[in-house]
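Residues in the sequence shown are numbered from 10 upward in steps of one, following the working numbering. We put the CB at the ideal spot given by N, CA and C, even for glycine. If you're wondering where the values come from, they're calculated on a predicted model, not measured in any experiment. Below: one structure, written as structure tokens.
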Amino acid sequence: MDRDKLNSTQDKLSVSDFMRHVLDNDRRIYGYIYALIPNPSEAEDLFQDTVTIMWEKYESYLPGSDFGAWGIGIAYNLVRNYRRKMANSRLQFSEDVEQLIECEAQKATSNLDDKLNALNRCLSKLTREDKKVLKLKYEYNCTAQDIAGKIGCSVKAVYSKLARANDFLLRCVKRSLTQQNL
Numbered sequence: 010m011d012r013d014k015l016n017s018t019q020d021k022l023s024v025s026d027f028m029r030h031v032l033d034n035d036r037r038i039y040g041y042i043y044a045l046i047p048n049p050s051e052a053e054d055l056f057q058d059t060v061t062i063m064w065e066k067y068e069s070y071l072p073g074s075d076f077g078a079w080g081i082g083i084a085y086n087l088v089r090n091y092r093r094k095m096a097n098s099r100l101q102f103s104e105d106v107e108q109l110i111e112c113e114a115q116k117a118t119s120n121l122d123d124k125l126n127a128l129n130r131c132l133s134k135l136t137r138e139d140k141k142v143l144k145l146k147y148e149y150n151c152t153a154q155d156i157a158g159k160i161g162c163s164v165k166a167v168y169s170k171l172a173r174a175n176d177f178l179l180r181c182v183k184r185s186l187t188q189q190n191l
């Protein structure tokens, strides 16, 4: 009976640790997959398959090692298998081109959390109106005409506000990452 309780406690800890690791690395792993398969639906399916395999192989994960890199390795194999299956249905890249894309995808996702943190810091520096315009455009997918009607300005003014806010965010994030040597 005590042994069953011990196993149950260990299982709960394993699930808890696994979920924490997944939540800490999900954007990085999904971003990597999406960089290689730029279709949100297909990338999401591959991400779910990756997490499933990671859970099945969790016992082989070495504690203290890079969980995200381990997950990306699993995702890489799933993407390769997916591409093989799709070989007859669309343009395929040579092995060298696939390796180059894979390398660039790893670079692009390696410091994703730092980029998102920088973006959030920069977003907090925007005016309330600029935040509202960006939210309407990117979160609610409103057109410039819809935004103009909601905030009471011309469509041209909306485009100017979007351009100014996007330019500010781009410069702010680049400056922040440069200061962090990323």
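Under the three-state DSSP convention, the category C131 falls into = helix
Status (buried if at least 16 other CB within 10 Å, exposed otherwise) for G161 = exposed
request  = Report the rounded CA-to-CA distance for D13 versus V24, giving the unit in angstroms.
outcome  = Reliability fails at D13, whose pLDDT of 48 lies under 50, so the model's placement of it is uncertain and no value is given.
request  = Please check the pair I46 and Y85, which I expect to be a contact at CB under 8 Å, by giving their CB distance rounded to whole angstroms.
outcome  = Between Y85 and I46 the Cβ distance is about 11 Å, and since that is not below 8 Å, they are no contact.
inquiry  = Helix, strand or coil for K66? Go by DSSP, reduced to three states.
reply    = coil
query = Could you give the C-beta distance for N34 and G77, rounded to a whole number, given that I count them as a contact under 8 Å?
reply = 4 Å
inquiry  = If you reduce the DSSP assignment to three classes, tell me which class L71 lands in.
reply    = coil
ask   = Candidates I110, N150 and V167: which alpha carbon is nearest A157's?
value = V167
task = Can you tell me which of the three DSSP states I46 falls into?
result = coil
ask   = According to the neighbour-count rule (16 or more other Cβ atoms, all chains shown, within 10 Å of its Cβ), is K146 buried or exposed?
value = buried
key: Cut-off 6 Å between Cβ atoms - residues of its own chain near L178, not counting five sequence neighbours on either side   = C131
ask   = Does the count of Cβ pairs from the segment 47–64 and the segment 105–121 closer than 8 Å reach three?
value = no
query = From this set, A174, N150 and L128, which residue's C-alpha is nearest R137's C-alpha?
reply = A174
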